[in-house]
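For reference, the structure is listed below as structure tokens.
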Amino acid sequence: MKRRNKTHGPPGKGPPPLTPEAVIETRRRSLETHREFLVLIGKIVCIIVAVWALFSFVFGVSIVKGEGMYPRMRDGDVTLWYRLESNLNIGDVVTFTMDGERQYGRVVAKGGDTVDFSEDGLLLLNGSAQQEEVFFQTSKQNRAQSFPMTVPEGKVFILGDNRTYSVDSRDYGAVSVSEINGKIISLMRRRGL
């Protein structure tokens with residue numbers, strides 16, 4: 040009885056003999072696969088760094104806490120904001136940090152403007168009543184700031200849309216433009232869909 044070599048299988052069906060060309064080709068394929076893997080890892084790292092840079096220096100994401108901007112923003116909404124906005128306009132919704140907490144509000148006056156409130160709860164800007172889409176009357180009573188107030192240059196006066204409950208520039212005064220974290224550019228509703 041003939042013995043077969045178990046490592047090579049049936050006679051005549053074993054691996055082809057290794058020639059120098061076959062060894063070189065096998066090694067080349069192995070190096071090419073390794074190189075492709077490293078290129079893929081490099082691309083993934085570049086994408087991660089780009090996303091990190093975008094959200095560290097250009098954009099920001101945060102979750103709204105509180106109802107100071109209701110109904111425009113609700114507690115739990117996710118906001119996307121643009122950090123590089125240097126030219127704020129009246130009506131822009133912005134985010135900023137006050138007393139260590141992220142706040143949201145609407146710019147209602149810029150440097151040089153005079154802010155006051157009528158007895159009917161209307162916002163007066165430079166003596167003229169403003170037409171706003173706010174559903175809540177604005178009160179200047181029991182607030183830390185006195186009115187009329189002229190907004191200093193380089194600052195903005197910010198009010199929350201929910202003027203009854205909002206803590207805003209009526210309480211802490213005008214906000215320096217340099218303290219604005221960014222202008223809200225998008226909002227995603229998380230609750231009440």
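Residues in the sequence shown are numbered consecutively from 40, following the working numbering. No residue lacks a Cβ here, since even glycine has one placed at the ideal position from N, Cα and C.
Spatial neighbours of residue i in its chain, beta-carbon cut-off 8 Å, leaving aside the 5 residues before and after
i: residue 59; result: none
i: residue 210; result: 182, 183 and 184
i: residue 166; result: 153 and 155
Test item: CB-CB of residue i and residue j under 8 Å
i: residue 198; j: residue 132; result: no
i: residue 177; j: residue 162; result: yes
i: residue 153; j: residue 189; result: yes
i: residue 3; j: residue 229; result: The structure shown does not extend to residue 3, since the chain spans only 40 to 232, so no value can be given for it.
i: residue 104; j: residue 129; result: no
i: residue 213; j: residue 191; result: yes
i: residue 74; j: residue 96; result: no
i: residue 114; j: residue 106; result: yes
Between the CA atoms of residue j and residue i - distance to the nearest angstrom
i: residue 220; j: residue 226; result: 16 Å
i: residue 157; j: residue 108; result: 21 Å
i: residue 57; j: residue 63; result: 10 Å
i: residue 142; j: residue 102; result: 10 Å
i: residue 78; j: residue 84; result: 10 Å
i: residue 112; j: residue 91; result: 26 Å
i: residue 65; j: residue 222; result: 57 Å
i: residue 144; j: residue 200; result: 7 Å
i: residue 52; j: residue 61; result: 18 Å
i: residue 93; j: residue 86; result: 10 Å
i: residue 175; j: residue 159; result: 11 Å
i: residue 180; j: residue 206; result: 13 Å
i: residue 76; j: residue 67; result: 14 Å
Contact set for residue i: own chain, Cβ-Cβ below 7 Å, skip 5 residues either direction
i: residue 119; result: 98, 100, 224 and 225
i: residue 216; result: 127, 193, 194 and 195
i: residue 173; result: 200 and 202
i: residue 204; result: 106 and 107
i: residue 137; result: 211
Sequence-distant residues of the same chain with beta carbon closer than 6 Å to residue i, five excluded per side
i: residue 187; result: 153 and 155
i: residue 208; result: 196 and 197
i: residue 71; result: none
Min CB distance residue i to chain D below 8 Å
i: residue 169; result: Included in the structure is just one protein chain, with no chain D present.
Residue i: CB within 7 Å of a non-hydrogen atom of the ligand MN
i: residue 140; result: Of the ligands one can find in the structure shown there are none, so the ligand MN has no counterpart to examine.
Task: Segments of 3+ residues assigned as beta strand (DSSP E) that fall wholly inside the stretch 77-102 - done: 98-102
TODO: Could you tell me which uninterrupted beta strand (DSSP E) segments, each at least 3 residues in length, are contained entirely in the stretch 133-175, listed from first to last along the chain?
DONE: 140-149, 153-156 and 162-164
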